[in-house]
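A.B. asks:
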Amino acid sequence: MKIAVIGASGNAGSRITAELARRGHSVTAIARHPEKIATQANVTPAAGDAMDQAGLARQLTGHDAAISSIHFLASDPAKLIGAAKDSKVGRYLVVGGAGSLEVAPGVRLVTTPGFPVAYKAEAEKGAAFLDLLRAEKELNWTFLSPSALFTAGERTGKFRLGTDQLLTASDGKSSISFDDFAVALADEIERPAHIRQRFTVGY
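Using the numbering used here, you'd call the opening residue of the sequence shown number 244 and step up by one each time.
#1: Using beta-carbon positions only, say whether I249 and I273 come within less than 9 angstroms of one another.
#2: Helix, strand or coil: which one does DSSP assign to E397?
#3: Which stretch, first to last residue, makes up the beta strand (DSSP E) that contains Q440?
#4: What are the partner residues of E345, as DSSP defines its beta bridges?
#5: Can you tell which of L299, A321, S311 has the C-alpha that lies nearest to the C-alpha of A371?
#6: Following the continuous beta strand (DSSP E) through T282, name the residue where it begins and the one where it ends.
#7: Using the Cβ count rule (16 or more neighbours within 10 Å means buried), how would you classify T271?
#8: Cβ atoms of R441 and S311: under 9 angstroms apart, would you say?
#9: Measuring CA to CA, which of T406, L373, L352 is closest to A391?
#10: So what does DSSP say about R391, is it helix, strand or coil?
#11: Give the list of continuous beta strand (DSSP E) stretches no shorter than 3 residues that lie fully inside the region 298–335.
#12: Can you look up K459 in the DSSP assignment and give me helix, strand or coil?
#13: By how many angstroms is the C-alpha of K363 removed from the C-alpha of G357?
#14: Helix, strand or coil for A427, going by three-state DSSP, please let me know.
#15: Less than 8 angstroms between C-beta atoms, sequence neighbours within five positions excluded: which residues of the same chain meet that for G267?
#16: Taking the alpha carbon of V337 as the point to measure from, which residue in V350, G369, T354 has its own alpha carbon closest?
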């Protein structure tokens, strides 16, 4: 497939780009600084601005899928959604956050007392992004939330999938590596199972 990754030089975006390229997909790696994107087969770096809806729409046109892997506070969900719709891209997938996941019925992680203050604004904007997508009538979207701890680690290919509830391991830890998150997202692109839905991945 021909797939565009917006934010391809970031922690998650770079792993997603590499995973898709490894699987033989043709990846347009969009970033503000495309020189930061590692040289690899099947990857074409491209300069792009997530705040430029018209320019981004032009870049996404002709792709089978587009992935948004950008910090929520550094972007405008309405512009990203607008660019995806304007481009007529086949699928639009978002690297979500864990803050919007539920820890109890109707209780989002971001609203719990122990949620880190430093990440609260980012998490709240991510939750608002998901709400915008859920109200969307036209776009073929998917929102993949990582577990609470989203960090560098191994590509094991062994993880669990969930829907709207935070996944935790037997030791109470909620985590996923950037690399395994990329595997889960690439799997979803190749074998669609969560159309117009949010799902989550964790150990």
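The beta-carbon is built from N, C-alpha and C at its ideal position, and this holds for glycine as well.
C.D. replies: The relevant details are as follows:
#1: For the purposes of this step, residue 249 is taken as the residue at position 6 of the sequence shown. For the purposes of this step, residue 273 is taken as the residue at position 30 of the sequence shown. The Cβ atoms of I249 and I273 sit closer than 9 angstroms to each other.
#2: By 1-based counting over the sequence shown, the position of residue 397 is 154. Reduced to three states, the DSSP call for E397 is coil.
#3: Your numbering for residue 440 matches position 197 in the sequence shown. Q440 -> beta strand (DSSP E) spans 440–445.
#4: On the sequence shown, position 102 is the one that residue 345 refers to. E345 is bridged to R351, Q408.
#5: For this step, residue 371 is matched to residue 128 along the sequence shown. Measuring from the Cα of A371, the nearest candidate turns out to be A321.
#6: One-based indexing of the sequence shown puts residue 282 at position 39. Segment: none, T282 is in no beta strand (DSSP E) and carries neither H nor E.
#7: Your numbering for residue 271 matches position 28 in the sequence shown. By the neighbour-count rule (16 or more Cβ atoms within 10 Å), T271 is buried.
#8: The sequence position of residue 311 within the sequence shown is 68, counting from 1. The sequence position of residue 441 within the sequence shown is 198, counting from 1. It is not a contact, given that the beta carbons lie outside the stated cut-off.
#9: Numbered from its first residue, the sequence shown carries residue 391 at position 148. Closest option to A391, Cα to Cα, is L352.
#10: Within the sequence shown, the letter at position 148 stands for residue 391. Inspection of the sequence shows that residue 391 is occupied by Ala rather than by Arg. A391: coil per DSSP, three-state reduction.
#11: 308–311
#12: Outside the shown range of the chain (244 to 446) lies residue 459, about which nothing can therefore be said.
#13: The residue you call residue 357 lines up with position 114 of the sequence shown. The residue you call residue 363 lines up with position 120 of the sequence shown. Looking at the two C-alpha atoms, the distance is approximately 11 angstroms.
#14: Residue mapping note: residue 427 aligns to position 184 of the sequence shown, counting from 1. Helix at A427.
#15: Residue 267 sits at position 24 when you count from the first residue of the sequence shown. Cβ neighbours of G267 beyond the five flanking positions: N285.
#16: Position 94 of the sequence shown, counting from 1, holds the residue named residue 337. Nearest option by C-alpha distance: G369.
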